[in-house]
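Participant: Heads up: the sequence lines are chains H and A, in that order.
Throughout, our numbering is defined as the position within the first sequence, counted from one, plus 44.
Throughout, our numbering is defined as the position within the second sequence, counted from one, plus 44.
Glycine included, C-beta positions come from ideal geometry on N, C-alpha and C.
This structure is a prediction, so every number in the text was calculated from the model and none was measured.
Below is one structure. I have some questions about it.
Number of protein chains: 2
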Amino acid sequence: MERVRITSADVAARAGVSQSAVSRVFTPGASASARTIEKVRKAAAELGYRPNVLARAMVSGKSRIIGLVVAYLDNQFYPLALERLSNALQAEGYHILIFTAPNSTDGIDGVMQDLMDYQVDGIITASVSISSTLADRAEAAGIPVVLFNRGQGDAALSSVTSANVDGGRKVAEFLLAGGHERIAHIAGWQNSSTGRDRQAGFLAGLAEAGAEPFALFDGMYNRDVAMGCTRELISGAEIPDAIFVGNDHMAFAVIDALREAGLVPGQDISIVGYDDVPLAAWAAFDLTTIRQPVNRMVNATVSTMLAQIEQPDTAPQQIEIEGELILRSSARIPEGWKT
Amino acid sequence: MERVRITSADVAARAGVSQSAVSRVFTPGASASARTIEKVRKAAAELGYRPNVLARAMVSGKSRIIGLVVAYLDNQFYPLALERLSNALQAEGYHILIFTAPNSTDGIDGVMQDLMDYQVDGIITASVSISSTLADRAEAAGIPVVLFNRGQGDAALSSVTSANVDGGRKVAEFLLAGGHERIAHIAGWQNSSTGRDRQAGFLAGLAEAGAEPFALFDGMYNRDVAMGCTRELISGAEIPDAIFVGNDHMAFAVIDALREAGLVPGQDISIVGYDDVPLAAWAAFDLTTIRQPVNRMVNATVSTMLAQIEQPDTAPQQIEIEGELILRSSARIPEGWKT
DNA sequence: CTGAAAGCGCTTACAG
DNA sequence: CTGAAAGCGCTTACAG
Numbered sequence: 045m046e047r048v049r050i051t052s053a054d055v056a057a058r059a060g061v062s063q064s065a066v067s068r069v070f071t072p073g074a075s076a077s078a079r080t081i082e083k084v085r086k087a088a089a090e091l092g093y094r095p096n097v098l099a100r101a102m103v104s105g106k107s108r109i110i111g112l113v114v115a116y117l118d119n120q121f122y123p124l125a126l127e128r129l130s131n132a133l134q135a136e137g138y139h140i141l142i143f144t145a146p147n148s149t150d151g152i153d154g155v156m157q158d159l160m161d162y163q164v165d166g167i168i169t170a171s172v173s174i175s176s177t178l179a180d181r182a183e184a185a186g187i188p189v190v191l192f193n194r195g196q197g198d199a200a201l202s203s204v205t206s207a208n209v210d211g212g213r214k215v216a217e218f219l220l221a222g223g224h225e226r227i228a229h230i231a232g233w234q235n236s237s238t239g240r241d242r243q244a245g246f247l248a249g250l251a252e253a254g255a256e257p258f259a260l261f262d263g264m265y266n267r268d269v270a271m272g273c274t275r276e277l278i279s280g281a282e283i284p285d286a287i288f289v290g291n292d293h294m295a296f297a298v299i300d301a302l303r304e305a306g307l308v309p310g311q312d313i314s315i316v317g318y319d320d321v322p323l324a325a326w327a328a329f330d331l332t333t334i335r336q337p338v339n340r341m342v343n344a345t346v347s348t349m350l351a352q353i354e355q356p357d358t359a360p361q362q363i364e365i366e367g368e369l370i371l372r373s374s375a376r377i378p379e380g381w382k383t
Numbered sequence: 045m046e047r048v049r050i051t052s053a054d055v056a057a058r059a060g061v062s063q064s065a066v067s068r069v070f071t072p073g074a075s076a077s078a079r080t081i082e083k084v085r086k087a088a089a090e091l092g093y094r095p096n097v098l099a100r101a102m103v104s105g106k107s108r109i110i111g112l113v114v115a116y117l118d119n120q121f122y123p124l125a126l127e128r129l130s131n132a133l134q135a136e137g138y139h140i141l142i143f144t145a146p147n148s149t150d151g152i153d154g155v156m157q158d159l160m161d162y163q164v165d166g167i168i169t170a171s172v173s174i175s176s177t178l179a180d181r182a183e184a185a186g187i188p189v190v191l192f193n194r195g196q197g198d199a200a201l202s203s204v205t206s207a208n209v210d211g212g213r214k215v216a217e218f219l220l221a222g223g224h225e226r227i228a229h230i231a232g233w234q235n236s237s238t239g240r241d242r243q244a245g246f247l248a249g250l251a252e253a254g255a256e257p258f259a260l261f262d263g264m265y266n267r268d269v270a271m272g273c274t275r276e277l278i279s280g281a282e283i284p285d286a287i288f289v290g291n292d293h294m295a296f297a298v299i300d301a302l303r304e305a306g307l308v309p310g311q312d313i314s315i316v317g318y319d320d321v322p323l324a325a326w327a328a329f330d331l332t333t334i335r336q337p338v339n340r341m342v343n344a345t346v347s348t349m350l351a352q353i354e355q356p357d358t359a360p361q362q363i364e365i366e367g368e369l370i371l372r373s374s375a376r377i378p379e380g381w382k383t
């Protein structure tokens, strides 16, 4: 099983032209006469020639590879985002080199280094923050970085998130309007911007109405942790009449735990999530939640990334996309609530 | 924002050695004196030098990139497999270039070509078949291909699947033993080997007991299709007392449709799925199902892939991994059923 | 062990 | 438009 590589020189020999002529025929933008193009295409087809992308990358300095760092693949939001990102990038002639993120920041730095060794044209991190050392290094290397679904107070980094503070506030207003009086929050991981922002908006919304949370937990974006919090919440003498959960993935755990205790979401306790992953619409959960518009987030990510690749002096952008509250049966709907 | 690349020549100049010496220090297996190693490492650290993986790939002919073609990312089995594959490959110093598969075979061939242009060392396709033209081309190029969770009657291709025929048969035996008399099957996509094999085993199992399916549908591995089939199944005068569903992803849809009609899975109708994705264990579904052991499938995939990369004359393998029936509440358990 | 040199497969000024 | 040549950043025989 010998690897027989067909090179542009082979095609050139067969077509009776120079190697550069072959290269020009396969380089978008370069020019060649109709006659040459025809001879080269014919020879290439006969030989089954295809340009070596790696060689092209070496000389052009553009690999057309985007590095993607992902985590939380058990949260349906991310596979979905991955699929959309991949499709959008493929359409632009880029491809994704994927790295699964270890849990520590150290680990992520290592992974980012590996990525840069592959001479990627850009890096997208999904649900992952990076150290400022690494941000600096990427900047020095001229590799644009876009944080997807995570913000970081660093103007040198682009980021795309939904309007998390605003979303948290919307939930507070919605639950208050529904007449809930004991509203708990199982927050997203407090070491992540999304977890903190949603909580901040939520608490602000309560405070503006003179209310306070019934209880506050860090659910760590983890299913088991969220279940544990829920069991604790409903084991006391007084239990909450509503729980705002930091993302849908944890909200499903909350609902499972509630039912296990014989409580009915939407009747006994209102549950609101965040994300609106496809599962949220399934009858088994029918979860009221804030929608994070994946498509719009993906499009923003891709366009800011490409802008920075193609025009290296483009400034990084911090993009926030508004999310809407999706009403379903897991939470009581206030009388006359505007859709 | 100029891209300043630091090369081995820069390091050599600063360390006062030749460029080849620098290369040797960074090439596993190559030898250099302790003195040289020290000087080079020091200079490299000061300059922030890292070898260009693409250049290395060009000369060595090994990119250490594995192409992965995926589809069905909404079926939790695949994101999980992707994560495990990525981790296992990262541990071996390989990385994944990911391509999302279009739905047509033509489209997939195009994608495979793109992959080969990147000089990948191997290709893994998850839940996707490839044309024989492409299989030939990959073989000619010396690029090993492993089909993950899909078989194809082609000895030149490696494949890793669970024992699908056997799994289907187990389900038939289980449901029969439970005294079910009207057993329907919403099969996996009949253009896929997994869909066909599970169905074949299931029908064989019924036939051996002199039974026949109550009804047979192709669910296409699609949620909406599966819901449609279910509604049709339960709208008649006589309804099934059990449904074997070709994978968990569709089984969740079946359960949703059943509940919508006021039927209780496990009481009114027994439901059995295939895969045992994490969701199947959630209280909301508690689905009886055949487990596809992701870890073992991933390990088999990685080891057969690496074997073929490292020893090009290694023969392709067709690996089948046995799956166990996981009992939960969605299906009636026969008296005295051996676990 | 070490350096000079060739070469991996391309693109891209540079002449013509 | 076209070809000869340099060069992208490495690895790896080849001498010494």
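Secondary structure at I81/A, three-state DSSP: helix, strand or coil?
Facilitator: Residue mapping note: residue 81/A aligns to position 37 of the second sequence, counting from 1. DSSP places I81/A in helix when its eight states are reduced to three.
Participant: Look at the alpha carbon of R128/H and the alpha carbon of V342/H, and state the distance between them as a whole number of angstroms.
Facilitator: Translated into positions along the first sequence, residue 128/H becomes position 84. Translated into positions along the first sequence, residue 342/H becomes position 298. Between R128/H and V342/H, the C-alpha separation is close to 7 Å.
Participant: For the alpha helix (DSSP H) containing I171/A, list its first residue and its last residue.
Facilitator: Within the second sequence, numbered from 1, the residue matching residue 171/A stands at position 127. As written in the sequence, residue 171/A is Ser, which differs from the Ile given in the question. First-last for S171/A: undefined, no H or E at that position.
Participant: Per the DSSP calculation, T332/A is bridged to which residue(s)?
Facilitator: The count along the second sequence starts at 1 and reaches residue 332/A at position 288. According to DSSP, T332/A bridges with V316/A.
Participant: Relative to the C-alpha of I227/A, which residue among L350/A, L247/A, I140/A is closest?
Facilitator: Along the second sequence, one-based indexing puts residue 227/A at 183. Nearest option by C-alpha distance: L247/A.
Participant: Can you tell which of D198/H, N266/H, R240/H, G367/H has its C-alpha closest to the C-alpha of T332/H?
Facilitator: Walking along the first sequence from the start, residue 332/H turns up at place 288. With distances taken between Cα atoms, T332/H lies closest to G367/H.
Participant: Closer than 7 Å, Cβ to any Cβ of chain A: which residues of the segment 239-267 of chain H, in chain order?
Facilitator: Listed in sequence order: no entries.
Participant: Looking only at DSSP bridge pairs, what is L191/H linked to?
Facilitator: On the first sequence, residue 191/H is found 147 positions in, with the first residue counted as 1. For L191/H, which the question treats as bridged, DSSP gives the partners T169/H, S203/H.
Participant: Is it true that the CB of V66/A sits closer than 7 Å to the CB of V48/A?
Facilitator: Translated into the one-based positions of the second sequence, residue 48/A becomes position 4. Translated into the one-based positions of the second sequence, residue 66/A becomes position 22. No.
Participant: Does DSSP put D300/A in a helix, a strand or coil?
Facilitator: Here residue 300/A refers to the residue found at position 256 of the second sequence. Helix at D300/A.
Participant: Does any CB atom of chain A fall closer than 7 Å to the CB of L91/H?
Facilitator: Walking along the first sequence from the start, residue 91/H turns up at place 47. Output row for L91/H: interface = no.
Participant: So with Cβ pairs under 7 Å, would you call A101/H a contact of chain A?
Facilitator: Reading the first sequence from its first residue, position 57 is the one you call residue 101/H. Output row for A101/H: interface = yes.
Participant: Using the C-alpha atoms, what's the distance from G73/H back to S104/H?
Facilitator: Counting from 1 along the first sequence, the entry for residue 104/H is found at position 60. Counting from 1 along the first sequence, the entry for residue 73/H is found at position 29. Taking the straight line joining both Cα atoms gives about 14 Å.
Participant: How many angstroms separate the CA atom of G212/H from the CA atom of Q311/A?
Facilitator: Taking the first residue of the first sequence as 1, we reach residue 212/H at position 168. Taking the first residue of the second sequence as 1, we reach residue 311/A at position 267. When rounded, the distance between both Cα atoms is 40 Å.
Participant: Taking the straight line between their C-alpha atoms, what separation do you get for L124/A and V97/A?
Facilitator: On the second sequence, position 80 is the one that residue 124/A refers to. On the second sequence, position 53 is the one that residue 97/A refers to. Going from the Cα of L124/A to the Cα of V97/A covers about 28 Å.
Participant: Report the residues of the segment 73-98 of chain A with a CB closer than 9 Å to any CB of chain H, ordered along the chain.
Facilitator: From the segment 73-98 of chain A, only G92, R94, P95, N96, V97, L98 have a Cβ closer than 9 Å to chain H.
Participant: Under a three-way DSSP split, which group does Q63/A fall into?
Facilitator: As a first step, residue 63/A is located in the second sequence; it is residue number 19 there, counting from the start. Helix at Q63/A.
Participant: Please specify which runs of the alpha helix (DSSP H), each continuous and at least 4 residues long, are wholly inside the segment 119-165 of chain A, giving them in chain order.
Facilitator: The qualifying runs are 121-135, 149-161.
Participant: Can you name the residues of chain A whose CB is closer than 7 Å to the CB of Q311/H?
Facilitator: The count along the first sequence starts at 1 and reaches residue 311/H at position 267. Here the premise fails: no neighbours, minimum Cβ distance about 16 Å.
Participant: Which of the three DSSP states is assigned to L260/H in this structure?
Facilitator: Residue numbering aside, residue 260/H sits at position 216 when the first sequence is read from its first letter. Three-state DSSP puts L260/H in a strand.
Participant: Measure the C-alpha to C-alpha separation of T177/H and D198/H and round it to an integer number of angstroms.
Facilitator: Walking along the first sequence from the start, residue 177/H turns up at place 133. Walking along the first sequence from the start, residue 198/H turns up at place 154. Taking the straight line from one Cα to the other gives about 12 Å.
Participant: Are I230/H and A255/H close, meaning C-beta to C-beta below 7 Å?
Facilitator: Taking the first residue of the first sequence as 1, we reach residue 230/H at position 186. Taking the first residue of the first sequence as 1, we reach residue 255/H at position 211. In this structure, A255/H does not lie closer than 7 Å to I230/H by Cβ.
Participant: Please name the residue or residues paired with Q362/H in a DSSP beta bridge.
Facilitator: Position 318 of the first sequence holds residue 362/H. In the DSSP output, where bridge partners are listed per residue, Q362/H has S203/H.
Participant: How many Å lie between A200/H and A351/H at the Cα?
Facilitator: If you number the first sequence from 1, residue 200/H lands on position 156. If you number the first sequence from 1, residue 351/H lands on position 307. Cα-Cα distance, rounded: 15 Å.
Participant: Considering only the alpha carbon of each residue, which of S107/A, G263/A, I81/A lies closest to T238/A?
Facilitator: Position 194 of the second sequence holds residue 238/A. Considering only alpha carbons, the answer is G263/A.
Participant: If you follow the alpha helix (DSSP H) that V338/A is part of, which residue opens it and which one closes it?
Facilitator: Sequence index remark: in the second sequence, residue 338/A carries index 294 (1-based). Segment 338-354, the alpha helix (DSSP H) holding V338/A.
Participant: Leaving aside the five residues before and after A88/H along the sequence, list all residues of the same chain whose C-beta is less than 6 Å from its C-beta, in chain order.
Facilitator: Here residue 88/H refers to the residue found at position 44 of the first sequence. V55.
Participant: Tell me whether V289/H is buried or exposed, calling it buried when 16 or more other Cβ atoms sit within 10 Å of its Cβ.
Facilitator: Start at 1 with the first residue of the first sequence, and residue 289/H comes out as number 245. It is buried - the Cβ of V289/H has at least 16 other Cβ atoms within 10 Å.
Participant: Of the choices Q361/H, T348/H, V321/H, P337/H, whose alpha-carbon is the least far from that of L117/A?
Facilitator: The residue you call residue 117/A lines up with position 73 of the second sequence. Of Q361/H, T348/H, V321/H, P337/H, the residue nearest in Cα terms is V321/H.
Participant: With 16 as the cutoff for other CB atoms within 10 Å, does V215/A come out buried or exposed?
Facilitator: As a working note, residue 215/A is residue 171 in the second sequence. Classification for V215/A: buried.
Participant: Would you mind working out which of R335/A, D300/A, N339/A, A286/A sits nearest I315/A, comparing C-alpha positions?
Facilitator: One-based indexing of the second sequence puts residue 315/A at position 271. Among R335/A, D300/A, N339/A, A286/A, the Cα nearest to that of I315/A is on A286/A.
Participant: Quick one: does E368/H have its CB under 7 Å from some CB of chain A?
Facilitator: Start at 1 with the first residue of the first sequence, and residue 368/H comes out as number 324. Judged by the 7 Å Cβ criterion, E368/H is not in contact with chain A.
Participant: Per DSSP, F288/H is paired with what?
Facilitator: Within the first sequence, the letter at position 244 stands for residue 288/H. BP columns for F288/H point to H229/H, V316/H.
Participant: Would you call the CB atoms of V190/H and M349/H closer than 7 Å?
Facilitator: Residue numbering aside, residue 190/H sits at position 146 when the first sequence is read from its first letter. Residue numbering aside, residue 349/H sits at position 305 when the first sequence is read from its first letter. Yes. Within cutoff.
Participant: Is the CB of T51/A under 7 Å away from at least one CB in chain H?
Facilitator: As a position in the second sequence, residue 51/A is number 7, starting the count at 1. So, not an interface residue.
Participant: Using the Cα positions of A281/A and I313/H, report the straight-line distance between them to the nearest angstrom.
Facilitator: As a first step, residue 281/A must be located in the second sequence, where it is residue number 237. As a first step, residue 313/H must be located in the first sequence, where it is residue number 269. Computed Cα separation, rounded: 38 Å.
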